[in-house]
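Just so we're aligned, residue 391 is where the sequence shown starts under this note's numbering, counting upward by one. Idealized CB from N, CA, C, for every residue including glycine. Bear in mind the structure is a predicted one, so any value in this text is a computation, not a measurement.
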Amino acid sequence: MTITRSVIKGCGSYLPEKILTNHDLEEMVDTSNEWIFQRSGIKERRIAADNEFTSDMAIKAAKQALENSGYLGDDIDGVIVATTTPDETFPSVAVKVQTTLGTKRGPTFDVQAVCSGFVYALSVADSFIKTGIAKRMLVIGAEKMSSIVDWTDRRTCVLFADGAGAVIIESEENSQGTINDRGIISSHLHANGKHREILKTSGGVSSNGKSGIIEMEGKEVFKYAVKYLSEVVQEVLEYNNIESSQIDWLVPHQANIRIIEGTAKKLNMPMDKVIVTVQKHGNTSAASIPLALAEGVNSGKIKKGDLILIEALGGGLTWGANLIRV
Ligand code: ACO
């Protein structure tokens, strides 16, 4: 039996110029470099300029992904942007990306699943490819989290950051339907709205007419992150009937080094098989996985044919994972 797979053809990334270090934050709130680094693994993060919007970052990452894949905007059949921090309530960031790149057709919209957004968006794009709606999709994770951070709240402002990452995925016919195929092998998406109060914004367009700022019960989020991410990576192994030793790289959402280490431990994977960018990127929400992926590929660590596992958990709570052969 042959099936269609969505194969990654190119990755791109963009980080704003401005670096905000833990020492800079010491000047802003009652915190210390040691506290931030020990609890989260973060040393520095990038912050977008006032006049630099989510769409600007998304477009830069997308251009690089196009360049690396050898395609032009007009070769793309649809654009999905995972973001929680769009430029405007509407229209979407995706339509801005579309017109700038010269993409002219296909489904074009934003997906909002907070830090799980990229995993969700990639799974949706994969479904369009598998059902023949599109042959080649641009999938982006882009966030300006700095715009919804309370810069006087030391519990949250030390964690979040800005950036964008993008991938081009393309239909490959005649795959064999095994884990030896290149492309997205399986997607696993979950949510539990019971936990929506532990990580949320203080407002929204239909409640108080504001975008709100991030409010978080850090310990609770940490607890559920470890639990649900451990469950979902186990689900990936069981669903595909594989051992974790068959996975070449874990490319996790970059929220906190302790959560990343917890998932790697659950998988029995040594940390040298994990792509870690949290120390210099901070938590860029939906952008963190495509940023880490681009770094893994561009640094030569992740090679064509490698089996990678991506996973994320975010507000909602939402969580999920994809098994992909690059
Ligand atoms: N600097 C110094 N002290 C601080 C800071 C800070 N930036 N922030 C909080 N504290 C203080 C607290 O006020 C508290 O003081 P108290 O004991 O006097 O009340 C003390 O440090 C301990 O606070 P906790 O919240 O218990 O610290 P914890 O060990 O849980 O670490 C952290 C906090 C890093 C937020 C952790 O809970 C965490 O990583 N949670 C996951 C949150 C996360 O990753 N969210 C991102 C979105 S979801 C996702 O992407 C997975």
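| task | Go through its chain and collect everything with a Cβ distance to GLU633's Cβ below 8 Å, but skip five positions before and after it. | result | LEU627
| query | Any idea what DSSP makes of SER561, helix, strand or coil? | reply | strand
| task | Give a single yes or no on whether SER430 has its beta carbon closer than 7 Å to a heavy atom of the ligand ACO. | result | yes
| query | Taking just the CA atoms, how far does HIS580 sit from LYS520? | reply | 20 Å
| task | Measuring alpha carbon to alpha carbon, tell me which of GLY463, ILE692 and ASP552 ends up nearest VAL529. | result | GLY463
| Strand pairing of LEU356, partner residues [DSSP] | With the chain covering 391 to 716 only, the question about residue 356 has no answer from this structure.
| message | Between PHE612 and the ligand ACO, is there a pair consisting of the residue's CB and a ligand heavy atom that are separated by less than 7 Å? | response | yes
| task | Answer yes or no: do THR498 and THR475 have a C-beta to C-beta separation smaller than 8 Å? | result | no
| message | Any heavy atom of the ligand ACO closer than 7 Å to the beta-carbon of THR411? | response | no
| request: Select from VAL687, GLY695, ALA677 and ALA682 the residue whose C-alpha is nearest the C-alpha of GLY507. | output: ALA677
| task | Determine the extent of the beta strand (DSSP E) in which VAL641 is found, giving its start and end residues. | result | 639 to 642
| said: If I follow the unbroken alpha helix (DSSP H) through THR489, where does it start and stop? | reply: 483 to 491
| said: Given a cut-off of 8 Å on the beta-carbon distance, is the pair LEU456 and ILE558 in contact? | reply: yes
| query | So who's on the other strand from TRP709, going by DSSP bridges? | reply | HIS580 and LEU703
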